[in-house]
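First up is the structure itself, then whatever we jot down about it.
In this note's numbering, the protein residues as written are 7 to 428.
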């Protein structure tokens, strides 16, 4: 593996942050913006303590992590900060390899560019990803497996990609929404075709076989989890079921918790179904519209999860924001990047402030914090809509070129409509 010169600089910085004792790191572990009940390091430690004392950690309703993580940190390695730093490094490496595959560059190509250095830095130094990692949130591992799956898919390594996405789905079931576009990448190409949209040219006949292989890997992981828990299936409801039933209403940046705090119990099952199905409806439209570029479709679905995930942390929109660096061709077609940036800055300032006012100082209430969560949702929505627009607008071309070539308005409308129809 050829490593860019600048790759080692942010990686060394990240490893340094993992080794040195940081002031306030314990506060980060308690921050609800950085970790949720499903990804919290404190909950993970509680589960490890219960396991050491021969108590089933999935009985009490406080532990929601996968048995695989429980086994990893109880028998193989302790949950040290260096593990999270290594995971961040792997994620940055995977993101870089995805960009190289998209540009048609060989992994052995020795050329380096400032873009590659920027991609690595954007991932490792993104506050939305760095702070949850310093808080030892297991969302770091989820993002890493997602990027590894995309990396292997972009490089045509079928089994490795399917195994990586199986791990991601096992850790967080919402990752299943990324399976279809990843399968499309495997049977087509990661190279950018946003500027020249065309019907999907991959082999659709291969997709059922790839899905079968993914299912096999996923079942193996389920079997391993059952063996770890001694054949007890209570982990399924505690781990996977939590994303569907929302048993823990601890405040977080998502749009779910406050809504169900105010919900009457007899309406709860219906709206849980509505919120879950709402996520599903984005998959086919995005995959069909961007069938000519399934890697970009995957990026957009990551953005959808970064808005509507049940137990959201800053690491979820952070992955979307870092991934936009591998699509430089759309940057010039973004309509309101400054507004999106200001919305994220506004939300990043409001969320901790309103949380302190409500929980610590007792001078506010839940409405204040949820208002900040809505701002975060608006920021994610603004970025997602802008990315969708840019992905379609690039196919039309530069309006300045049209003006120089004296393309009349009616012809421009025809060209735009043809692009939309594709």
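Note that CB positions come from ideal geometry on N, CA and C, so glycine has one too.
If you follow the alpha helix (DSSP H) that residue 35 is in, where does it begin and where does it stop? For residue 35, the enclosing alpha helix (DSSP H) stretches over residues 31-35.
Three or more C-beta pairs below 8 Å linking the segment 312-327 and the segment 376-389: In short, these stretches touch, since the Cβ pair count reaches three.
Among the candidates 281, 305 and 280, whose CA atom is the shortest distance from the CA of residue 2? Any question about residue 2 goes unanswered here, given that the chain covers just 7 to 428.
In the DSSP assignment, find the alpha helix (DSSP H) that holds residue 69 and state where it starts and stops. Neither: residue 69 is in no alpha helix (DSSP H) and is coded neither H nor E.
Once DSSP output is grouped into helix, strand and coil, what is the label at residue 287? In the three-state reduction of the DSSP assignment, residue 287 falls in the coil class, being assigned neither a helical nor a strand state.
Within its chain, find whatever has a CB closer than 7 Å to the CB of residue 169; leave out the 5 residues flanking it on each side and keep chain order. Answer for residue 169: 223, listed in chain order.
Using the rule of at least 16 other Cβ atoms within 10 Å of the residue's Cβ for burial, across every protein chain shown, is residue 83 buried or exposed? That one is exposed.
Validate contact between the segment 132-147 and the segment 84-97 using beta carbons, cut 8 Å, 3 pairs: The segment 132-147 vs the segment 84-97: in contact.
Considering only their Cβ atoms, is the gap separating residue 153 from residue 125 smaller than 8 Å? At least 8 Å separates the beta-carbon of residue 125 from that of residue 153.
Ignore the nearest five residues each way along the sequence and tell me which others in residue 365's own chain have a CB closer than 7 Å to its CB. Correct list: empty, nothing qualifies.
How far does the alpha helix (DSSP H) with residue 299 in it reach, from first residue to last? Element bounds for residue 299: n/a, residue is neither H nor E.
Quick one: is residue 104 buried, meaning 16 or more other Cβ sit within 10 Å of its Cβ, or exposed? Under this definition residue 104 is a buried residue.
Between the segment 239-257 and the segment 183-198, are three or more C-beta pairs nearer than 8 Å? These segments do not touch.
Who are the near neighbours of residue 70 in its chain, counting only those whose CB is closer than 8 Å to its CB and skipping five residues on each side? So the qualifying residues of the chain are 43, 44, 49, 244, 245, 248 and 254.
Any 3 or more C-beta pairs closer than 8 Å across the segment 155-174 and the segment 47-64: No, they do not touch.
So does the segment 310-319 actually touch the segment 280-294, counting three or more Cβ pairs closer than 8 Å? Yes, since at least three Cβ pairs between the segment 310-319 and the segment 280-294 fall closer than 8 Å, the two stretches touch.
Proximity winner among 212, 192 and 355, relative to residue 162 (alpha-carbon distances): Of the candidates 212, 192 and 355, the one whose C-alpha sits nearest the C-alpha of residue 162 is 192.
Short of 8 Å in beta carbon distance, which residues of its chain neighbour residue 51, apart from the five on each side in sequence? Order them along the chain. Closer than 8 Å at the Cβ level, and outside the excluded window around residue 51, lie 85.
What's the call for residue 99, buried or exposed, on a 16-neighbour Cβ count within 10 Å? Buried, since its Cβ has 16 or more Cβ neighbours within 10 Å.
Does the distance from the CB of residue 27 to the CB of residue 187 come in under 8 Å? Contact flag unset, no.
What does a CB cutoff of less than 8 Å around residue 180 pick up in its chain, not counting 5 residues either side in sequence? Result list for residue 180: 249, 285, 311, 315 and 316, in chain order.
Please confirm if the segment 326-343 is in contact with the segment 259-270, defined as three or more CB-CB distances below 8 Å between the two stretches. They do not touch, by the three-pair rule.
Taking the CB atoms as reference points, tell me whether residue 205 and residue 109 lie closer together than 8 Å. Going by C-beta atoms, residue 205 is not nearer than 8 Å to residue 109.
Alpha-carbon spacing of residue 107 relative to residue 63, whole angstroms: Distance between the alpha carbons of residue 107 and residue 63: 42 Å.
Enumerate in chain order the residues of its own chain whose CB-to-CB distance from residue 481 is below 8 Å, with the five nearest sequence positions on each side excluded. Not covered by the structure: residue 481. The range shown for the chain is 7 to 428.
Sequence-distant residues of its chain with Cβ nearer than 6 Å to residue 173 (five each side left out): Excluding residues within five positions, the ones whose Cβ falls inside 6 Å are 151.
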